[in-house]
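Trainee: Keeping their order, the protein sequence lines are chains A and B.
When you read off a place in the first sequence, starting at 1, and then add 71, the result is the number in this note's numbering.
When you read off a place in the second sequence, starting at 1, and then add 17, the result is the number in this note's numbering.
Glycine included, each C-beta is placed from N, C-alpha and C at the ideal position.
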Amino acid sequence: MKLFGNKPADEQKSQADLLYELHVRQERQFQGNVVISWIILLLMLYLLFSGDTLGLHALSLDSQFIKDNFGFIGKGLGVTIYISLLSIVLAIFMALFAALGRLSRFPPFYALSTFYVSLMRGTPLYLQIFFFFLALPQIIPWWANVPGLWAGVLALGLNYGAYMSETFRAAISSVGKGQREAAIALGMTQGQVMRRVVMPQALRFAIPPMGNDFIAMTKDSAMVAATGFVHEVMWRATRQGRANLRNLEALIMAAFFYWMMTLILTAVQSRIEARLAKGDR
Amino acid sequence: MSTAIIKLTNLRKCFGRLEVLKGINLEVQPREVVCLIGRSGSGKSTMLRCINFLEEPSEGEIEIHGLKIPAGGKGREHQKLVHHARLLTGMVFQEFNLFPHMSILENVMEAPIIVKGTDRAKAKEIAEMNLARVGMLFKKDEYPNRVSGGQKQRVAIARALAMEPLVMLFDEPTSALDPELIGEVLDVMKGLAKEGTTMLVVTHEMGFARDVADRIIVINEGELIEEGIPGKILDHPQHKQTRALLERYHTSEK
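(1) Closer than 7 Å by beta-carbon distance: list the chain B residues that pair up with alanine 256 of chain A, in chain order.
(2) Ignoring anything shorter than 4 residues or poking outside the region 226-305 of chain A, list the alpha helix (DSSP H) runs there in chain order.
(3) Buried or exposed, going by whether 16 or more other CB atoms sit within 10 Å of the CB of histidine 256 of chain B?
(4) Which residues in chain A have a C-beta closer than 7 Å to the C-beta of histidine 100 of chain B? List them in chain order.
(5) Decide if alanine 215 of chain A is buried, meaning its Cβ has at least 16 other Cβ atoms within 10 Å, or exposed.
(6) Can you tell me which of the three DSSP states glutamate 142 of chain B falls into?
(7) Per DSSP, what are the beta-bridge partners of valine 132 of chain B in this structure?
(8) Looking at C-beta atoms only, is the number of pairs between the region 182-193 of chain A and the region 241-258 of chain A that lie closer than 8 Å three or more?
(9) Answer yes or no: do glutamate 49 of chain B and methionine 216 of chain B have a C-beta to C-beta separation smaller than 9 Å?
(10) Using C-beta distances below 6 Å, list every residue in its chain close to leucine 161 of chain A, excluding the 5 sequence neighbours before and after it, in chain order.
(11) Just checking: is the beta-carbon of methionine 64 of chain B within a distance shorter than 9 Å of some beta-carbon in chain A?
(12) Note down the Cα distance separating leucine 171 of chain A from phenylalanine 276 of chain A, rounded to an integer number of angstroms.
(13) CB leucine 183 of chain B to CB leucine 65 of chain B, shorter than 9 Å?
(14) Should glutamine 43 of chain A be flagged as near chain B, meaning a C-beta pair shorter than 9 Å?
(15) Under DSSP, the beta strand (DSSP E) around glycine 107 of chain B begins and ends at which residues?
(16) Quick check on DSSP: helix, strand or coil for leucine 132 of chain A?
(17) For aspartate 158 of chain B, is the classification buried or exposed, using 16 other Cβ atoms within 10 angstroms of its Cβ as the cut-off for buried?
(18) Would you decide whether glycine 232 of chain A is buried or exposed? Buried here means 16 or more other CB atoms lie within 10 Å of its CB.
(19) Less than 9 Å between CB atoms is the rule here; does asparagine 114 of chain B satisfy it with respect to chain A?
(20) Could you give the residue range of the alpha helix (DSSP H) that holds proline 87 of chain B?
(21) For tryptophan 306 of chain A, count neighbouring C-beta atoms within 10 Å of its own C-beta (all shown protein chains included) and say buried if the count is 16 or more, exposed if not.
(22) Three or more C-beta pairs closer than 8 Å, one from the region 25-40 of chain B and one from the region 229-245 of chain B: is that the case here?
(23) Kindly indicate if chain A contains any beta-carbon less than 9 Å away from that of valine 132 of chain B.
(24) Going by beta-carbon coordinates alone, are methionine 180 of chain B and valine 235 of chain B separated by less than 9 Å?
(25) Per DSSP, which residues does phenylalanine 32 of chain B bridge with? Please list them.
(26) Please list the partners that alanine 241 of chain A has in chain B, where partner means a Cβ-to-Cβ separation under 8 Å.
(27) When we look at the beta-carbon of glutamine 86 of chain A and count the other beta-carbons within 10 Å, is it buried (16 or more) or exposed?
(28) Helix, strand or coil for threonine 26 of chain B? Go by DSSP, reduced to three states.
(29) Would a C-beta distance cut-off of 9 Å place glutamate 344 of chain A and isoleucine 278 of chain A closer than the cut-off?
(30) Below 7 Å CB to CB, which residues in the same chain sit around glycine 219 of chain A once its five sequence neighbours on both sides are set aside?
(31) Check the Cβ of alanine 253 of chain A against every Cβ in chain B and list those closer than 7 Å, keeping chain order.
(32) Here's a check: name, in chain order, each residue in its chain whose Cβ is nearer than 8 Å to the Cβ of aspartate 188 of chain B, leaving out the five neighbours to either side.
(33) From the DSSP output, which residues share a beta bridge with glutamate 240 of chain B?
(34) Which residue's Cα is closest to the Cα of serine 165 of chain B: B:Glu145, B:Leu84, B:Pro196?
(35) Could you confirm whether any beta carbon from chain B is found closer than 9 Å to the beta carbon of arginine 275 of chain A?
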């Protein structure tokens, strides 16, 4: 294509090429500036919170308190992750069950599924945690002896299961009717069709949103601290903060731990997604 | 017991109040290639899908290699018969329906292993043999979405063949293909016909029907209106609906 008169051939580039190069250059510049801005932001945060280490006394955080309690609060991460893992397992189980209910043509199963989802989505998670912790023993007395952690797991798992059921339902429906028909025509039973053909495809579809839910759940697990009996990050932070009147330091530390955990989990998630994207669909 | 591989007796199928099949009687003999033609909505696909019970027929009887299955059956006994019928028939769909999460080899190995309990090594051998038959062995480790539509359909044929069915059912196997890819699939089907595979083919490919079919059956509004050897049906159609149908193919071919 000739656009610029009599220039020598090797200097000629099409307009599309030039525009593309410009676009790439601009995009690279933008990304670079974002990174620089992030670094400045973090630096400012550090200066703001570094207390007397640089002689700035900006927020004059109690660095001794931070040093003394960093390990104590950090230890809660184990409990936080433990609760989240147990809850996500329960949630996946419930979501699968509810999704199959939603796809079922058997009215009681369908009704049960929609009832469960509606109830869980229609009431606050905070209330549900307290329900399982405080109210359930009134119905089932022996539940009072069960550690508070299980009330949290039950509430988180059932609550997230309700939300995730919609993802699962969509994932299962996304597998075309033709896939089932092909499997049935080959002589597979309903169970085999589900296990070998539908579920593997649905799972690929459901894994990215499940990752998001898990990350959200690790943070919502902080609400379990309200029971006062589960020694995860939030419980430890509020306890130490209140006891020493160092709430700012304590909460900043808790925030730091949650944030770092989220960053790591997000990185893991994008890895998994990249691998899923590589496998041919 | 007749010698027919497929025998349909007074087969009816209704979707609600719409009667799609109005009492079909049909026999397909061993090694016979039968092409079913008819305009869209005539019921030809539904008829094919009734044979392996992807559609439950409303009335009548389906007999596959002596196995009689009356319509409207329920319960475990009926399910067993239906399962058996599916093992005796292989089906190829318009949209291929390969399993996208499995490699081409795995697609073909899956049913023998899962359904028949064939051991892996033997299943692999069968799969490779059938992929070679359709000329797709060289792509065995690819995933379905990495091959063309024509190649997908050839794999789908191999997948059905791997179950060693007595009869192959083809539901418009080339209708979803780009024109330049139709030939390779038809060639594979011609090869199967030459090997003596019993085939029932729903198609719009009149050239294929003329070259390969032993018999052509014309279906119109849920009824078989005419049947005979290709020369008779294609060159001397008796029924005016057949003439109208063929007229449309002739005009579209030009």
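Mentor: Taking the structure as given:
(1) Asn69, Leu71, Arg103, Met108
(2) 248-256, 270-291
(3) exposed
(4) Gly258
(5) exposed
(6) helix
(7) According to DSSP, valine 132 of chain B bridges with nothing at all.
(8) no
(9) yes
(10) Gly228
(11) no
(12) 16 Å
(13) no
(14) In the structure displayed, chain A extends from 72 to 352; residue 43 of chain A sits before or after that span and is not available.
(15) 106-109
(16) coil
(17) exposed
(18) buried
(19) yes
(20) Taken as a continuous stretch (DSSP letters only), proline 87 of chain B belongs to no alpha helix (DSSP H), being part of the beta strand (DSSP E) at 84-87.
(21) buried
(22) yes
(23) yes
(24) no
(25) B:Leu35
(26) Residues of chain B passing the Cβ test: none, with the nearest at roughly 17 Å.
(27) exposed
(28) strand
(29) yes
(30) Phe204, Thr298, Phe300, Val301
(31) Phe110, Asn114
(32) Ser62, Leu65, Arg66, Met108, Val109, Phe110, Gln111, Val219
(33) B:Asn237
(34) B:Pro196
(35) yes
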